[in-house]
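Visitor: Using our numbering, read the sequence shown as starting at 2 and increasing by one per residue.
Ideal Cβ placement from N, Cα and C applies to all residues, glycine included.
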Amino acid sequence: MKNPEASIPATHPSPYFVRFDIEGLKRLIETLKQEGYEVLGPTVRDGAIVIEPIESVSQLPCGVGDEQSGGRYRLTQRSDRSRFGYAVGPTSWKRFLFPPNRLLWRATQHERGFSVETPPVDSQRRAFVGVRGCDLAAIRIQDRVFCGGANPDPDYVSRRKQTFIVAVECGSPVQTCFCTSMGTGPAIGDGFDIRLTEIPDGENPYYLGLAGSEYGAQLLSQIDAIQVNESEFAERNAILASAAAQITRHLDPDHARAVILENPEHSRWDEVASRCLTCGNCTQVCPTCFCSTVDDVTDLTTGVAERSRRWDSCFTMEHSHVHGGAVRRSPRSRYRQWLSHKLGSWWEQFGTAGCSGCGRCIVWCPVGIDLTEEVAYLATKRDAPPEDAP
Ligand code: SF4
Ligand code: SF4
Numbered sequence: 002m003k004n005p006e007a008s009i010p011a012t013h014p015s016p017y018f019v020r021f022d023i024e025g026l027k028r029l030i031e032t033l034k035q036e037g038y039e040v041l042g043p044t045v046r047d048g049a050i051v052i053e054p055i056e057s058v059s060q061l062p063c064g065v066g067d068e069q070s071g072g073r074y075r076l077t078q079r080s081d082r083s084r085f086g087y088a089v090g091p092t093s094w095k096r097f098l099f100p101p102n103r104l105l106w107r108a109t110q111h112e113r114g115f116s117v118e119t120p121p122v123d124s125q126r127r128a129f130v131g132v133r134g135c136d137l138a139a140i141r142i143q144d145r146v147f148c149g150g151a152n153p154d155p156d157y158v159s160r161r162k163q164t165f166i167v168a169v170e171c172g173s174p175v176q177t178c179f180c181t182s183m184g185t186g187p188a189i190g191d192g193f194d195i196r197l198t199e200i201p202d203g204e205n206p207y208y209l210g211l212a213g214s215e216y217g218a219q220l221l222s223q224i225d226a227i228q229v230n231e232s233e234f235a236e237r238n239a240i241l242a243s244a245a246a247q248i249t250r251h252l253d254p255d256h257a258r259a260v261i262l263e264n265p266e267h268s269r270w271d272e273v274a275s276r277c278l279t280c281g282n283c284t285q286v287c288p289t290c291f292c293s294t295v296d297d298v299t300d301l302t303t304g305v306a307e308r309s310r311r312w313d314s315c316f317t318m319e320h321s322h323v324h325g326g327a328v329r330r331s332p333r334s335r336y337r338q339w340l341s342h343k344l345g346s347w348w349e350q351f352g353t354a355g356c357s358g359c360g361r362c363i364v365w366c367p368v369g370i371d372l373t374e375e376v377a378y379l380a381t382k383r384d385a386p387p388e389d390a391p
């Protein structure tokens, strides 16, 4: 899981490392659109940064920052005109690679039987603009789930092949981020077509763009840009060092794995269950959670039946339903399942943790349950009675 290249490199800038201003960013988005990409990027909607299709650079948030903590999210005004001066919002890129709802097949009744059609895999070209290090790591995690093994998901594989990634390094992390622990940010080492670092510079932010693929280099060569110099490179490194220093939340993934798997009967599971609403918000905002269920709908008047796949959550009773009923009936067993899989048994399945350190599950939990606190408690207060809970 750890991406050693996510640490801040001290090397000289590569020959494909260029500097451009907001006009260059505008040109990049225009070029992607001309090449047939649906461009997706951060925008402000309903008081949050959400990822949506964008037509131009003017739709990116301008001078917007954020404050995030357990169960709390607020946008703020920055003193500059940064377009990427905030951390991750409630939406992740997951919904564009693994949609929340997807038709699997449709059966239509005829006079002498019925026919079944399956929708084609999605082949739309999409450009993701503004992918943070934690979310790039989350995409890698989901790649293992959906593209690996004996039965890759053809729709995910097709969407992933058509995706162009413009990653953006983080200069303004929030209180809930712990990418430094997971080795996923704030600097970004690989996995992108183009990597941007935004240098705020008051009214006129500028961008350092590094090509990570041949096509990325081709696109960068089409915008009005100049080679990054040593002082701009040093500026980038200073921004990332400052961002890393602001991240105070920690979780040791190796230690967490051991602690969780060694404590399946710890009294802390009861304590957290007394706060957990089993709403499943944490799983819906998580960029790596991949559980789904199927819905069958039959319309007797038209003779059409459909089966769709929809996101599910290990917090629903139905998700653990087997013959005779649900096997995880209590909130305790459902929360324990989520955390034990995310940070424990995910390693056996996919060779990594199932967490990228984005912090969304902490922010969007209505009661502010924080997985890093839960792991810390399990580690330091093994088998403590519930009354000792802080
Ligand atoms: S478990 Fe929480 S912090 Fe980890 S990737 Fe999912 S939402 Fe982000
Ligand atoms: S941990 Fe929080 S977000 Fe997750 S199910 Fe429980 S109450 Fe909901």
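Which two residues bound the contiguous alpha helix (DSSP H) that contains G134?
Guide: Run containing G134: 134-148, per the alpha helix (DSSP H) assignment.
Visitor: For the segment 337-383, list the beta strand (DSSP E) runs that are entirely contained and at least 3 residues long, ordered along the chain.
Guide: Whole beta strand (DSSP E) segments, 3+ residues: zero.
Visitor: For G186, write down the residues that DSSP places opposite it in a beta bridge.
Guide: G186 is not bridged to any residue.
Visitor: Taking all protein chains shown into account, decide if Y378 is buried (16 or more other Cβ within 10 angstroms of its Cβ) or exposed.
Guide: Counting Cβ neighbours within 10 Å, Y378 comes out buried, since at least 16 surround it.
Visitor: Based on Cα-Cα distance, which residue from G355, R82, L76, G186 lies nearest to S243?
Guide: For the residues G355, R82, L76, G186, the minimum Cα distance to S243 belongs to G186.
Visitor: R103 by DSSP, collapsed to three states: which one?
Guide: The answer is strand: DSSP assigns R103 an E or B state.
Visitor: Using 7 Å as the cut-off, classify the Cβ of F316 as near or not near the heavy atoms of ligand 2, replying yes or no.
Guide: For ligand 2, at least one heavy atom lies less than 7 Å from the Cβ of F316.
Visitor: Verify whether the separation of the beta carbon atoms of G66 and I52 is less than 8 Å.
Guide: Result no, Cβ atoms of G66 and I52 do not sit closer than 8 Å.
Visitor: Is there at least one non-hydrogen atom of ligand 1 closer than 7 Å to the beta-carbon of A139?
Guide: True, at least one ligand heavy atom lies under 7 Å from that Cβ.
Visitor: Is H256 helix, strand or coil when you go by DSSP?
Guide: Three-state result, H256: helix.
Visitor: Any heavy atom of ligand 2 inside 7 Å of the beta-carbon of G355?
Guide: No, ligand 2 has no heavy atom inside 7 Å of this Cβ.
Visitor: May I have the straight-line CA-CA distance separating L29 from G134, to the nearest angstrom?
Guide: Spanning the two alpha carbons is a distance of roughly 20 Å.
Visitor: Go through its chain and collect everything with a Cβ distance to V19's Cβ below 7 Å, but skip five positions before and after it.
Guide: Cβ within range, chain order: G210, L221, A226, I227, Q228, V229.
Visitor: With a threshold of 7 Å on Cβ separation, who are the neighbours of I224 within its own chain once the five nearest residues in sequence on each side are excluded?
Guide: Within the same chain, I224 has close Cβ partners F21, G25, R28, L29.
Visitor: Within the same chain, show all residues whose beta-carbon is closer than 8 Å to that of E31, passing over the 5 residues directly before and after it, in chain order.
Guide: These residues qualify, in order along the chain: S57.
Visitor: From E39 to R96, what distance separates their C-alpha atoms?
Guide: Using only the alpha carbons, I get a separation of about 14 Å.
Visitor: Taking V273 as the reference, which of C292, S331, L344 has the closest Cα?
Guide: If we check each option's Cα against that of V273, S331 comes out closest.
Visitor: What do you reckon, are the CB atoms on P367 and C280 nearer than 8 Å?
Guide: Their beta carbons are under 8 Å apart, which means P367 touches C280 by this criterion.
Visitor: Could you please give the first and the last residue of the uninterrupted alpha helix (DSSP H) stretch that includes G114?
Guide: Unbroken run through G114 is the beta strand (DSSP E), 114-118; no alpha helix (DSSP H).
Visitor: With DSSP as the reference, please indicate the residues paired to E199 in a beta bridge.
Guide: For E199, which the question treats as bridged, DSSP gives the partners Y208.
Visitor: Does the beta-carbon of W347 have 16 or more other beta-carbons within 10 angstroms, so that it is buried, or is it exposed?
Guide: Counting Cβ neighbours within 10 Å, W347 comes out buried, since at least 16 surround it.
Visitor: Report yes if the CB atom of F99 is closer than 8 Å to the CB atom of Q143, and no otherwise.
Guide: In contact: F99 and Q143 (Cβ atoms closer than 8 Å).
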